[in-house]
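Taking it in order: structure first as structure tokens, then the write-up.
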Amino acid sequence: MASKLDFSKQFGTGYVPEDKDQALVETPFGRGVVIRTRYNVTTGETTKEIELTDWTQPFDETATKSFTKPHMLYSTQSFPSIPSTVGSDVLTQWGRGKVIEIRNDKQQTHVVQLSSWRLAGRSKVKCFVAAQNIQVVRPFRIYDMSVFEKVEHANELKQQATSKFIAKEYDAALQLYAKAVDAVRYIQHGPDSSNELRADLVVVMVTCSNNSGTCCLQLKDWEHAAKYGMNALALLDALEKKKDSSKILKIMNKDGISDSQLFGAWKVKSLLLIGKSQLEKYEPSDAIETMKKGLDAISTYKKEGDPMFKQLQSQEKEIRKLYAECTQKIKEIRKKEKQRAKAMFSGGEQETKDTKKNSSNEAFAPPRSSTPDNATGMSEGGGSPRSVTFMNSNEAEIESQSPHDVPPQPLKKRVSFADGSSPGDDIDDHEPSFFEEHMEALLLLAGFGLGCWLASIAWKKR
């Protein structure tokens, strides 16, 4: 009796992985994708599991919801491929590739650039195949791609995003740039990863990150603009630290990407993204520090005759303009802080000034009486009028003046009366000192200090 495992192998009822190259075919029920192919050992037949992509309606017309599972077709019959177009992924007798041209001849010759072939450097292989000898396949998903295919896919997305950016479709461009970054973000290099591939990876990561940040600035998404700028800056800083011994940098220089472009123009672009975001988030001091780094990079790599000279010169103007805006923003913030502080403390100060002014006026006014004689300046006994003497800093005397004519003096003055009355009856000329005003608190503090001192002496004697 055959075991369960042998039975599964013989009749193909066990788990079978999905096909790596999933063909797109035309069936009597519409177009479909061959998900997997099962092989029957006994009969030698192959059974294809085909997901019907054209079927969107449920089988039951009375159902209120469509089926969540795809409609599947199981068949041992081979179905023809769907027609190919420029850009289609195809499978040829020499391997997998992409159609880059279709010629208008009898055989409708397809020019296919093979992606499964890897030659030295960046050399690519093209083949010429008749239309009936190719099979259109589903494009690879990210997790199906090799490292080479991920970098190529990211470059394709970058080209599409650039066309959207030129058309000022910033939202669509941002989505494509972000997809390109995500496609190569977590690449794990293997022994077959060449230095040319690593150089291409750095270029696509830096450029797509900077361009994504630029789209975010246009969409006023300051937080993500700064993050994309920091991603590009981290890569450039790591590469700059090893620029004397980096093989990747030498390959990039050979491809025409100079140090002034990498660590000058591209780095300054990243710093501008960060600085503008910091300014918009009311962090002008941080933005100034970021702009200083940009000016340092420009002073290092801006040289007459260099291809990047004009671009760096333009970026320098932009940095200085942003620097001025940050300085103005700092002044505005400080001005607002001063106004808040003034609003918090000016009310109490004004009240204190008014109280002192009223006290001063009352101190210099002669005592009033209810009799008309006092109102005219005559004494109660019909004697001579009172003489009021004010001793100012020049020891000048002012006699027989009305209290309303005397200007208020900010300092305490000595007052004398001709009739010999005591000034202490009407005016409190004594202002308590600090020690008198806080006598109780000082005594308590002294007692507490004495107690602590005695306790420390007792502790030392033990």
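So in full-length UniProt numbering, spot 248 of the sequence shown is number 248, and the numbers just go up one at a time.
Heads up, the beta-carbon is just placed ideally off N, CA and C, and yes, glycines get one too.
- Judged by DSSP in its simplified three-state form, Val136 adopts strand.
- Under DSSP, Ile50 shares a beta bridge with Val34 and Leu73.
- Excluding residues up to 5 positions away in sequence, Lys164 lie with their Cβ nearer than 7 angstroms to the Cβ of Ala172 in the same chain.
- DSSP, read as helix, strand or coil, puts Leu219 in coil.
- For Phe128, DSSP records a beta bridge to Val111.
- Leu91 has Arg96 and Gln135 as its beta-bridge partners, per DSSP.
- Distance check between Pro28 and each of Lys168, Thr53 and Asp200 places Thr53 closest, using alpha-carbon atoms only.
- In the structure shown, the three-state DSSP call for Glu318 is helix.
- Shown here, Val16 sits in coil according to DSSP, grouped into three states, outside any helix or strand.
- In this structure, Lys48 lies near Thr37, with their beta-carbon atoms less than 7 angstroms apart.
- Here Glu325 carries a helix assignment [DSSP, helix/strand/coil].
- Excluding sequence positions up to five before and after Gln218, its CB lies within less than 7 angstroms of the CB of Tyr170, all in the same chain and listed in chain order.
- Boundaries of the beta strand (DSSP E) around Leu24: Leu24 to Thr27.
- For secondary structure counted as the alpha helix (DSSP H) over 4 or more consecutive residues, the stretch 234 to 313 holds these complete runs in sequence order: 247 to 254, 267 to 280 and 284 to 301.
- Look at Ile82 here: in three-state DSSP terms it is coil, with no helix or strand label.
- Rounded to the nearest angstrom, the Cβ distance from Val181 to Leu201 is 11 angstroms, too far for a contact under 8 angstroms.
- Taking Val137 as the centre and dropping the five residues before and after it, the same chain places the C-beta of Asp21, Gln22, Ala23, Leu24, Asp89, Val90, Leu91 and Arg96 closer than 8 angstroms to its C-beta, in chain order.
- Tyr74 sits exposed, since fewer than 16 C-beta atoms from the chains shown fall within 10 Å of its C-beta.
- Between Ala154 and Val204, the CB-CB gap stays under 7 angstroms.
- Going by DSSP, Glu440 is part of the alpha helix (DSSP H) stretching over Met439 to Lys461.
- One alpha carbon belongs to Leu235, the other to Gly264, and they sit about 14 angstroms apart.
- When DSSP assignments are scanned along the stretch 160 to 225, the uninterrupted stretches of alpha helix (DSSP H) that are 4 or more residues long and fall wholly within it turn out to be 170 to 185 and 195 to 218.
- Here Asn210 is buried. Its C-beta has 16 or more other C-beta atoms within 10 Å.
- Separation of the CB atoms of Ile298 and Gln315 is rounded to 7 angstroms, and the pair is thereby assigned contact status at 8 angstroms.
- CA-CA distance, Gln175 to Tyr143, rounds to 19 angstroms.
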